[in-house]
Amino acid sequence: MKQIALDTWLNDGASTALPQLLCVFTDEPLFATQATDLYRQRLKKQTDYQRQIVEVDRQFDPQEFLSLFAEASLFGDVSLVDLRINQPKLSKEAAEALSKAAQWITAGDTGHHLLVNAPKLNKTQEKSTGFADLLAKGTEIACRPVGADTLPGWIAQAAKRKGVQLDRETCAWLAEKTEGNLLVAHQTIEKLSLEHQGAVKAEQVQGMVANSARFNVFDLGGSLLAGDTKRITRMIEGLEAEGEAPTLVLWALQEEIRAIRDTQQAMRRGMSLSDACRQNRIWGQRQNHIAAALKRHTPGSLQKLTAWCYAAEKTIKGMKQGDPWTLFEIIGLGVAGIEPPELWNT
């Protein structure tokens with residue numbers, strides 16, 4: 010198995026050979042986006058590829074998937090099979106199909122590329138049929154979690170890639186302000202880089218954060234955990250009216266669902282609430298509300314909300330009809346404790 014650290018991939022990826030099979034296994038949406046976007050950009054520089062997006066869900070057809078590696082691409086160019094796996098549990102047929110595709114690529118039996126994006130795998134899943142072959146024969150972008158101690162350093166590196174220099178105190182302040190929300194921190198850096206290059210003063214960063222409407226998304230998290238249904242509805246309606254990006258709102262909802270789930274799992278393993286919060290980057294006001302949220306939810310209720318998030322994501326991407334903002338309200342109220350209706354076919 011060949012691994013490339015995400016930082017190395019983002020900083021020096023252009024200097025390494027582009028793998029024909031790349032795997033990105035992470036629960037952090039920002040990391041997945043960064044790693045896969047760079048892969049597609051680099052491949053685009055090599056060839057005018059044809060992109061085939063395939064989702065491993067209940068409609069997944071193993072034979073149709075494998076046929077993408079056997080047939081010639083339109084105009085003679087290579088294809089990129091962009092594989093999205095939403096749960097790290099594969100059917101026997103899907104696992105065998107992934108193994109076969111990995112073997113074809115390794116043997117040189119196909120010129121097409123395979124990009125795999127899936128949730129973080131545990132040790133058992135890494136050794137399972139399908140995933141084991143992908144890891145053994147492909148290259149994995151190692152997306153290591155960012156904790157409270159390492160977040161300021163991560164912010165400094167992310168800013169440096171955008172040509173912005175932040176001192177240690179400013180990085181620490183931004184880490185505390187965003188409470189571990191990497192996507193919010195990343196978007197702050199993106200906006201900062203459009204207005205400034207080189208060394209940036211703490212007052213400039215603080216002023217931009219104070220005036221930025223997108224931090225309403227960050228504020229949404231506390232209301233979700235606290236179960237404040239009226240404020241959740243008001244904030245989601247306000248974010249829509251302000252033209253906030255639906256992907257960022259969905260990410261904020263998913264972040265709180267993930268926080269509840271991961272904290273529950275940690276406590277079942279015998280960890281105290283405070284230690285579980287520390288491990289899962291739950292700080293400040295969120296820590297005050299997480300205990301109440303834990304009482305409202307079971308693994309089943311969280312799985313149901315995750316399915317609604319999946320439906321909202323497909324709606325945003327135009328793969329399913331509907332209004333994502335309506336789904337956001339259902340999800341938000343579901344986190345607050347109002348059980349969502351049964352989900353139609355996703």
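Mapping of the sequence shown onto the working numbering: position 336 corresponds to residue 345, and the numbering continues sequentially without gaps. Ideal placement from N, C-alpha and C gives every residue a C-beta, glycine not left out.
From the options, residue whose alpha carbon lies closest to that of residue i
i, options, result
"LEU75", "HIS121, LEU99, PRO97 and ASP46", "HIS121"
"THR35", "SER88, ALA79 and GLU135", "GLU135"
"GLU64", "GLU322, LYS129 and GLN288", "GLU322"
"GLN72", "ARG51, ALA103 and LYS54", "ALA103"
"LEU342", "LEU52, ARG240, ILE164 and GLY279", "ARG240"
"GLY139", "ASP158, LYS98 and ARG170", "LYS98"
"ARG170", "GLN330, ASP21 and GLU178", "ASP21"
"ASP237", "ALA302, GLU185 and TRP182", "ALA302"
"LEU352", "SER232, LYS313, LYS329 and GLN330", "LYS313"
"VAL226", "GLU348, GLN213, THR197 and GLN206", "THR197"
"GLU199", "MET276, GLY172, ILE347 and ASP284", "GLY172"
"PRO161", "GLY147, HIS195 and ALA141", "HIS195"
"ILE347", "PRO333, LEU311, GLY331 and ARG51", "LEU311"
"GLU212", "LYS101, TRP182 and LEU191", "TRP182"
"THR159", "ALA316, LYS304, GLY147 and ARG290", "ARG290"
"GLN68", "ASP284, ASN95 and TYR48", "ASN95"
"LEU39", "ASN190, THR315 and ASP142", "ASN190"
For residue j and residue i, the rounded distance between their alpha carbons
i, j, result
"LYS326", "GLY117", "33 Å"
"THR256", "GLU37", "13 Å"
"LEU201", "GLN43", "18 Å"
"LEU336", "CYS318", "8 Å"
"ALA268", "VAL258", "16 Å"
"GLU204", "THR187", "20 Å"
"ASP46", "GLU178", "31 Å"
"ARG153", "LEU15", "8 Å"
"ALA254", "GLY247", "12 Å"
"SER137", "GLN59", "30 Å"
"VAL193", "GLN112", "39 Å"
"THR272", "ALA127", "21 Å"
"LEU107", "ASN297", "44 Å"
"GLN29", "PRO349", "42 Å"
"GLY308", "GLY216", "Just to set this straight, residue 308 is Pro in the shown sequence, not Gly. So the two alpha carbons sit approximately 40 Å from each other."
"ASP70", "LEU77", "11 Å"
"TRP18", "ALA320", "31 Å"
"GLN288", "ALA79", "45 Å"
"LYS101", "THR148", "23 Å"
"GLY252", "TRP334", "11 Å"
Exposure of residue i, with buried meaning 16 or more beta-carbon neighbours within 10 Å
i, result
"ILE114", "buried"
"GLY230", "buried"
"GLU265", "buried"
"MET244", "buried"
"SER24", "exposed"
"ILE340", "buried"
"ASP57", "exposed"
"LYS132", "exposed"
"LYS53", "exposed"
"SER232", "buried"
"LYS304", "exposed"
Three-state secondary structure assigned by DSSP to residue i
i, result
"CYS32", "strand"
"ALA141", "helix"
"HIS306", "coil"
"GLU204", "helix"
"HIS121", "coil"
"LEU27", "coil"
"SER283", "helix"
"GLN12", "strand"
"ASN190", "coil"
"ARG93", "strand"
"ARG153", "coil"
"GLY343", "helix"
"GLN288", "helix"
"ASN297", "helix"
"ASN131", "coil"
"ARG67", "coil"
"ARG60", "strand"
"VAL214", "helix"
Rounded Cβ spacing between residue i and residue j (contact assumed at less than 8 Å)
i, j, result
"GLN166", "VAL209", "About 15 Å; that fails the 8 Å criterion."
"LEU144", "LEU123", "In fact, because the Cβ distance is near 13 Å, the residues do not count as touching under 8 Å."
"TRP292", "ALA157", "7 Å"
"VAL1", "LEU262", "Residue 1 falls outside the range modelled here, since the chain spans only 10 to 355, and no answer is possible."
"LEU234", "ILE299", "6 Å"
"GLN61", "LEU89", "7 Å"
"ALA26", "VAL33", "Going by Cβ atoms, the distance from ALA26 to VAL33 rounds to 17 Å, so no, they are not a contact pair."
Residue-level contact to chain C via CB, residue i, 8 Å cutoff
i, result
"ALA157", "You won't find chain C in this structure, because it holds only one protein chain."
Near the ligand ADP: residue i beta-carbon under 7 Å from a heavy atom
i, result
"ASP21", "In the structure on display, the ligand ADP does not appear, and there are no ligands present to speak of."
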